[in-house]
Amino acid sequence: MYDVKDKKVVLEHGTINKGIIAVASGKGGVGKSTVTVNLATALAELGYKVGIIDADVRGFSVPRILGVTDKPRAVSEKEIIPPEVKGIKAISMGSFVDENSPVIWRAPLLAGALEQFFKDVRWGEIDYMLIDLPPGTGDMPLNIMQKVPHAETLVVTTPQVTATKVAGRIGAMADKMDHKIIGVVENMAYYRCSECGHKDYIFGEDGGKDLADFMETELLGQLPLISEVRRRSDSGNPIVFDEPESEISQEFIKIAKKLAEREQGFDEKVEPLKLNMDVN
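FYI, the numbering for the sequence shown is 1 to 280, going by full-length UniProt numbering.
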C-alpha cells in the first residue's frame, strides 16, 4: 500500500513526512470524529500540512464537521484529487454518497476502500495523516494495524467508566498487535460555569488518566464540554479555526504541540503484520 524511504511514507501520489495517527475509541458517542477534525485543524494552525482519511465508512461524519462541500475529482481511474478545506485535505465515503444513504458493505469491501484512500488519492506532500477509525475493535481498526503498521493510535474517551473500560480493549488489541498507543485524549472532561468558572465533572473525574495509566501511555489533554463545539461541528466550522483563543481550542493546540514535539519519521524496518485474529 506504501513504501518507506528516508524516514518518509511514500504513497502512489504523495508522501507523509512526520506521522500517521489513527484516532480510535472504544465506543461511539465520545466525540472521536470531532476530536480528529479539530486536532487536524490545530496541526494546520501550527503550520503543518494535514490530510484526513475518514475510515468510519459506515458512520462517516468528517465531511460535515470539517465543512467539506466539494466532491473528489477523478483525474484517472487510479488518481483522485481530494476536497480541501483551509489547507486540510480530506477523503471520506461521505464524499461519494448521499449523507443520508447507508453504506451496506462487508469487511473485504471496507478494507478495499481504505486501500484506495491511501493509494489512489493525490495527497501530495503532507506532514501528518489522521485516520478517523470507526469505534470499537472490529475489522477496520484491525486492518489499520495490520496494513498500516507505521500508524500510531490515539485513543479518545470520555471520563465515565462505561467509556474507559470499553476503550481499554483498544489498548489490549494494540498490545497483541505490537502496535503503539501514543496517548489518550479525554473529551467532555468537565463543564466550566460561564458565570463563576467552577468546573463540574459531569461524567466523572480522572477517567482519562486512569485509562492512560492502564495503557501505560500519556494523557495528552482534557477537553471541556461546551455546546459551541456541537454547534460548530454541525455547521462545518471547526472551533479551532473559528475561535482559536477559546479554552478548548487552546487545549487542542496544546495536544497538537505535544504530538509535533515527538520524534518524527518512519522506521524502514517495520513490516506489515500478517496476523489473523478475532478481537471482537
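All residues carry an ideal CB built from backbone N, CA and C; glycine is no exception.
- When C-alpha distances from residue 184 are compared across 176, 171 and 195, the shortest belongs to 171.
- When DSSP states are grouped into helix, strand and coil, residue 189 belongs to the coil group.
- Judged by pairs of C-beta atoms under 8 Å, the stretch 152 to 165 does not touch the stretch 42 to 61, as fewer than three such pairs exist.
- With fewer than 16 other CB atoms across the displayed protein chains lying within 10 angstroms of its CB, residue 5 is exposed.
- Restricting attention to 78, 220 and 71, the CA atom closest to the CA of residue 85 is found in 71.
- Around the beta carbon of residue 176, fewer than 16 other beta carbons lie within 10 angstroms, which makes this residue exposed.
- Restricting attention to beta strand (DSSP E) runs no shorter than 3 residues, the stretch 108 to 196 encloses them at 124 to 132, 151 to 157 and 181 to 186, ordered along the chain.
- In the three-state reduction of the DSSP assignment, residue 42 falls in the helix class.
- Apart from sequence neighbours up to five positions away, the residues of its chain that approach residue 12 with a beta-carbon distance below 6 Å are 119, ordered along the chain.
- Counting the other Cβ atoms within 10 Å of the Cβ of residue 195 gives fewer than 16, which makes it exposed.
- Counting of Cβ neighbours within 10 angstroms places residue 136 among the buried residues, the total reaching 16 or more.
- It is roughly 32 Å from the alpha-carbon of residue 249 to the alpha-carbon of residue 116.
- In terms of Cα proximity to residue 186, the closest of 73, 18, 14 and 36 is 36.
- Residue 149 has its alpha-carbon roughly 33 Å from the corresponding atom of residue 230.
- Between the stretch 88 to 98 and the stretch 61 to 70, the count of C-beta pairs closer than 8 Å reaches three or more; the two stretches touch.
- Measuring C-alpha to C-alpha distances from residue 52 to each of 256, 162, 90 and 260 identifies 90 as the nearest.
- Here residue 216 is exposed, its C-beta having fewer than 16 other C-beta atoms within 10 Å.
- The three-state secondary structure of residue 222, taken from DSSP, is strand.
- In the DSSP secondary-structure assignment, residue 11 is bridged to 14.
- Within the stretch 23 to 100, complete alpha helix (DSSP H) segments of at least 4 residues are found at 32 to 45 and 62 to 66, given in chain order.
- If you draw a straight line from the Cα of residue 240 to the Cα of residue 82, it is about 22 Å long.
- In this structure, residue 224 and residue 262 do not form a Cβ contact; the two beta carbons are roughly 25 Å apart against a cut-off of 8 Å.
- Burial state of residue 61 is buried, judged by a 10 Å Cβ sphere holding 16 or more other Cβ atoms.
- Looking only at 159, 24 and 1, the smallest Cα-Cα distance to residue 131 is reached by 24.
- Using a Cβ distance threshold of 9 Å, residue 59 and residue 158 do not count as a contacting pair.
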